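So the sequence shown is numbered by this note's numbering: it starts at 69 and just counts up by one.
Backbone N, C-alpha and C define an ideal beta-carbon position, used for all residues, glycine too.
Source: prediction; values computed, not measured.
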Amino acid sequence: MLVIENISMNYDETPNIVHALSNVNLILNKNELTIIEGPSGSGKTTLLNIIGGLLKPSSGKILVNNKNIIEMNDNEKAYYRNKVIGFVFQSFYLEPNFTVYDNVEVPLIIAGIPKNERRKMILSTLDSVGLLDKEKMIASKLSGGEKQRVSIARAIVNNPEIILADEPTGNLDSKNGDMIMSLLKRISKEDKIVIVITHNDEQAIKYGDKIYRLNDGEINEK
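Printed below as a string of C-alpha cells:
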C-alpha cells in the first residue's frame with residue numbers, strides 16, 4: 069500500500085510563493101492502475117517525483133509499507149529508487165547504441181545482480197512485454213512503441229512494487245498508445261501499484277481503475 073499524507077510543495081518565486089501541491093492525500097493499492105490527469109503545470113510530475121524519491125516535499129509523508137520515504141537517508145533512497153520503484157518516461161531515455169538486452173540490463177548491474185541471474189531475469193521480462201525476439205536489436209532501430217516497451221521492461225525487470233509512468237503514451241500513435249496502456253494495466257494486476265500520468269481522457273476511462281484530477285495543486289477523484 070502507498071499512502072500519501074498531506075503532501076505540499078511550495079516554491080519561493082519572490083515576491084510570490086507558488087503552491088505546486090496543496091495537502092494531497094491518496095491511498096493507492098496493489099492490483100490497481102491509478103490515473104492522474106490535469107493540465108500542464110498542475111503538479112502531476114512534481115507529485116510523481118516526490119513518490120519516486122527524486123524530490124523532497126515542503127511537508128507531508130509518503131508511506132510505502134508503513135515506512136516514510138521522506139525520512140530516508142541517501143543510501144536508503146537509492147535502494148528505494150532501484151528496487152521499489154520502476155520509472156517509465158514519455159521520452160524513453162534508452163541508450164540508443166545499446167541493444168535491447170543491454171538497456172534492460174542496466175538497473176540489474178546497478179543492483180549488483182550476478183550475470184547468470186541477470187540473463188534469466190532479462191529474457192523473462194522481454195518475453196512478458198513481447199520483445200524476446202528483439203533482444204539483440206540496437207535501440208535506435210526500434211519503433212516508438214517498441215522503445216516504450218523496452219522502457220517498461222527496464223522499469224519492471226527488478227520486480228519493483230510501484231511503477232511510475234509519466235505520459236508513457238505521449239509520443240505514440242493511438243494504436244501503440246493502447247498497446248502500452250494495456251501492458252501497464254496487465255502489470256498492475258501482478259500485485260503492483262501502477263500510477264500513470266496522462267492527458268488522454270479516452271485512455272484514462274478505458275484503463276484506469278481509479279482516476280484523479282490534479283488542478284492548481286489540489287487533487288480530486290473523478
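key: 3 or more residues per run - each beta strand (DSSP E) lying fully within the stretch 97-177   = 100-105, 127-132 and 153-157
ask   = What separation, rounded to the nearest whole angstrom, lies between the Cα atoms of residue 284 and residue 112?
value = If you take the alpha carbons of residue 284 and residue 112, they lie about 10 Å apart.
task = Under the assumption that residue 95 contacts residue 71 (Cβ atoms under 8 Å), give the Cβ distance between them as a whole number of angstroms.
result = 5 Å
Strand pairing of residue 189, partner residues [DSSP] = BP columns for residue 189 are empty, so no partner.
request  = Count the C-beta pairs between the stretch 167-185 and the stretch 232-239 that are closer than 8 Å, then say yes if the count reaches three, no if not.
outcome  = no
message = According to DSSP, residue 278 sits in a beta bridge with which residue or residues?
response = Residue 278 is bridged to 102.
message = Does the CB of residue 222 have a neighbour CB from chain D at under 8 Å?
response = The structure shown contains no chain D; it is built from a single protein chain.
inquiry  = Please state the DSSP three-state secondary structure of residue 214.
reply    = helix
inquiry  = Within 8 Å, do at least three Cβ pairs link the stretch 133-148 to the stretch 185-201?
reply    = no
request  = Starting from residue 69, follow the alpha helix (DSSP H) in both directions and report where the run begins and ends.
outcome  = Here residue 69 belongs to no alpha helix (DSSP H), and DSSP marks it neither H nor E.
ask   = Which whole-angstrom value describes the C-beta separation of residue 93 and residue 73, a residue pair presumed to lie in contact below a C-beta threshold of 8 Å?
value = 6 Å
ask   = Do you know whose CA, among 160, 159 and 188, lies nearest residue 299's CA?
value = Since the first residue shown for the chain is 69 and the last is 290, residue 299 is missing from the structure and cannot be characterised.
task = Could you spell out where the alpha helix (DSSP H) holding residue 181 opens and where it closes?
result = Premise fails: residue 181 is in no alpha helix (DSSP H) and is neither H nor E.
query = Is the stretch 243-258 touching the stretch 212-220 in the sense that three or more CB pairs, one from each, lie closer than 8 Å?
reply = yes
inquiry  = Check this for me: beta carbons of residue 104 and residue 118, under 8 Å apart or not?
reply    = no
ask   = Around the C-beta of residue 85, are 16 or more other C-beta atoms found within 10 angstroms, so that it is buried, or is it exposed?
value = exposed
query = Among 258, 165 and 190, which has the Cα closest to the Cα of residue 230?
reply = 258
query = In three-state DSSP terms, what is residue 247?
reply = helix
ask   = Which term fits residue 268, buried or exposed, when burial requires 16 or more other beta carbons within 10 angstroms of its beta carbon?
value = Under this definition residue 268 is a buried residue.
ask   = What residue range is occupied by the uninterrupted beta strand (DSSP E) comprising residue 235?
value = Where residue 235 is concerned, there is no enclosing beta strand (DSSP E), given that its DSSP letter is neither H nor E.
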